[in-house]
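*Asks:*
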Amino acid sequence: MVDKSPLFIAGGIGIAPLRPVIEHCCDNRSSLGKVALLYGCKNASEFCFKDDLVRWQQAGIACQLTVDQPEQNWAGEVGLVTQYLTAQTVANHDQFYVCGPGVMIRFVIERLELLGVKREQIVTTLERHMKCGVGVCGHCHLDEKLVCVDGPVFHGTDLPKLTTL
97 MVDKSPLFIA GGIGIAPLRP VIEHCCDNRS SLGKVALLYG CKNASEFCFK DDLVRWQQAG
157 IACQLTVDQP EQNWAGEVGL VTQYLTAQTV ANHDQFYVCG PGVMIRFVIE RLELLGVKRE
217 QIVTTLERHM KCGVGVCGHC HLDEKLVCVD GPVFHGTDLP KLTTL
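At the far end of the sequence shown sits residue 261, using our numbering, and the numbering has no gaps.
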């Protein structure tokens, strides 16, 4: 990741798999370019790792939080994370890490591609309900991929068709 400028895009508990990579960025902040997090939840009470979010901001990671359903005391952004993926935001980054609900991943990747991001620049983790974990039951089947065997982390070029997410 040296000299890279990653943008982390998380939805709900999708922040959990991204957390170790964000921590790595905090520990190696001086060797990276611009680092940012775009994190969305249904409402503010669902944000995970609130203490970490504060610490990450103090370490120089730009954290933008958004909710779908604002509570009365919410003063932050309102809307889906895709609304905050702009040409200007994307232009500041060269790596994109995406994790969240399948439908969010699908629309985030479609939006990134519309903004000129190449699949090679995208990494995602497709957390699915896996029964056997060894590719026998086929429960986590996505096109020709088995998430439990071939993933769960996929580079953009290896992603199954987005319509199956």
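Where a beta carbon is used, it is the ideal one built from N, C-alpha and C, also for glycine.
How far does the beta strand (DSSP E) with residue 162 in it extend, from its first residue to its last?
*Replies:* Start at 1 with the first residue of the sequence shown, and residue 162 comes out as number 66. Residue 162 -> beta strand (DSSP E) spans 158-163.
*Asks:* Helix, strand or coil for residue 323 per DSSP?
*Replies:* Outside the displayed span of the chain (97 to 261) sits residue 323, for which this structure offers no information.
*Asks:* Do you know how far the Cα of residue 237 is from the Cα of residue 208?
*Replies:* One-based indexing of the sequence shown puts residue 208 at position 112. One-based indexing of the sequence shown puts residue 237 at position 141. Computed Cα separation, rounded: 24 Å.
*Asks:* Give me the Cβ distance between residue 100 and residue 128, rounded to the nearest whole Å; I'm assuming they're in contact under 8 Å.
*Replies:* Position 4 of the sequence shown, counting from 1, holds the residue named residue 100. Position 32 of the sequence shown, counting from 1, holds the residue named residue 128. So it is a contact: roughly 6 Å between Cβ atoms.
*Asks:* Should residue 251 be labelled buried (16 or more other beta-carbon atoms within 10 Å of its own) or exposed?
*Replies:* Against the sequence shown, residue 251 aligns to sequence position 155. Exposed, by the Cβ-count rule.
*Asks:* Could you check what DSSP says for residue 171 in three-state terms: helix, strand or coil?
*Replies:* Position 75 of the sequence shown, counted from the first residue, corresponds to residue 171. In this structure, residue 171 counts as coil in the three-state DSSP scheme.
*Asks:* What are the boundary residues of the alpha helix (DSSP H) that includes residue 244?
*Replies:* As a first step, residue 244 is located in the sequence shown; it is residue number 148 there, counting from the start. Per DSSP, residue 244 belongs to the alpha helix (DSSP H) from 243-246.
*Asks:* Counting pairs of Cβ atoms below 8 Å between the region 238-246 and the region 203-220, do you hit three or more?
*Replies:* Flag = no, the region 238-246 and the region 203-220 do not touch.
*Asks:* Judging by CA-CA distance, which residue of 114, 162 and 132 is the nearest neighbour of residue 249?
*Replies:* Position 153 of the sequence shown, counting from 1, holds the residue named residue 249. Of 114, 162 and 132, the residue nearest in Cα terms is 114.
*Asks:* Measure how close the beta-carbons of residue 103 and residue 136 come, nearest whole angstrom, since I'm counting them as under 8 Å.
*Replies:* As a first step, residue 103 is located in the sequence shown; it is residue number 7 there, counting from the start. As a first step, residue 136 is located in the sequence shown; it is residue number 40 there, counting from the start. Between residue 136 and residue 103 the Cβ distance is about 13 Å, and since that is not below 8 Å, they are no contact.
*Asks:* In the structure shown, what three-state DSSP assignment does residue 102 receive?
*Replies:* As a working note, residue 102 is residue 6 in the sequence shown. Residue 102 falls in the strand class under three-state DSSP.
*Asks:* Rounding to the nearest angstrom, what Cα-Cα distance links residue 148 and residue 231 in this structure?
*Replies:* Within the sequence shown, residue 148 is the residue found at index 52, counting from 1. Within the sequence shown, residue 231 is the residue found at index 135, counting from 1. Each residue's Cα considered, the two are about 35 Å apart.
*Asks:* Taking buried to mean at least 16 other C-beta atoms within 10 Å of its own C-beta, is residue 196 buried or exposed?
*Replies:* Here residue 196 refers to the residue found at position 100 when the sequence shown is read from its first residue. So residue 196 ends up on the buried side.
*Asks:* In terms of alpha-carbon separation, which member of 178, 185 and 255 lies closest to residue 200?
*Replies:* Your numbering for residue 200 matches position 104 in the sequence shown. When each option's Cα is compared against that of residue 200, the closest is 178.
*Asks:* Taking just the CA atoms, how far does residue 152 sit from residue 243?
*Replies:* The residue given as residue 243 occupies position 147 in the sequence shown. The residue given as residue 152 occupies position 56 in the sequence shown. Rounded to the nearest angstrom, the two C-alpha atoms are 30 Å apart.
*Asks:* Quick check on the DSSP output: the beta strand (DSSP E) that includes residue 145 runs from which residue to which?
*Replies:* The sequence position of residue 145 within the sequence shown is 49, counting from 1. Run containing residue 145: none; DSSP gives neither H nor E here.
*Asks:* Where residue 166 and residue 218 are concerned, what is the direct C-alpha to C-alpha distance, given to the nearest angstrom?
*Replies:* Residue numbering aside, residue 166 sits at position 70 when the sequence shown is read from its first letter. Residue numbering aside, residue 218 sits at position 122 when the sequence shown is read from its first letter. The alpha-carbon atoms of residue 166 and residue 218 are separated by roughly 29 Å.
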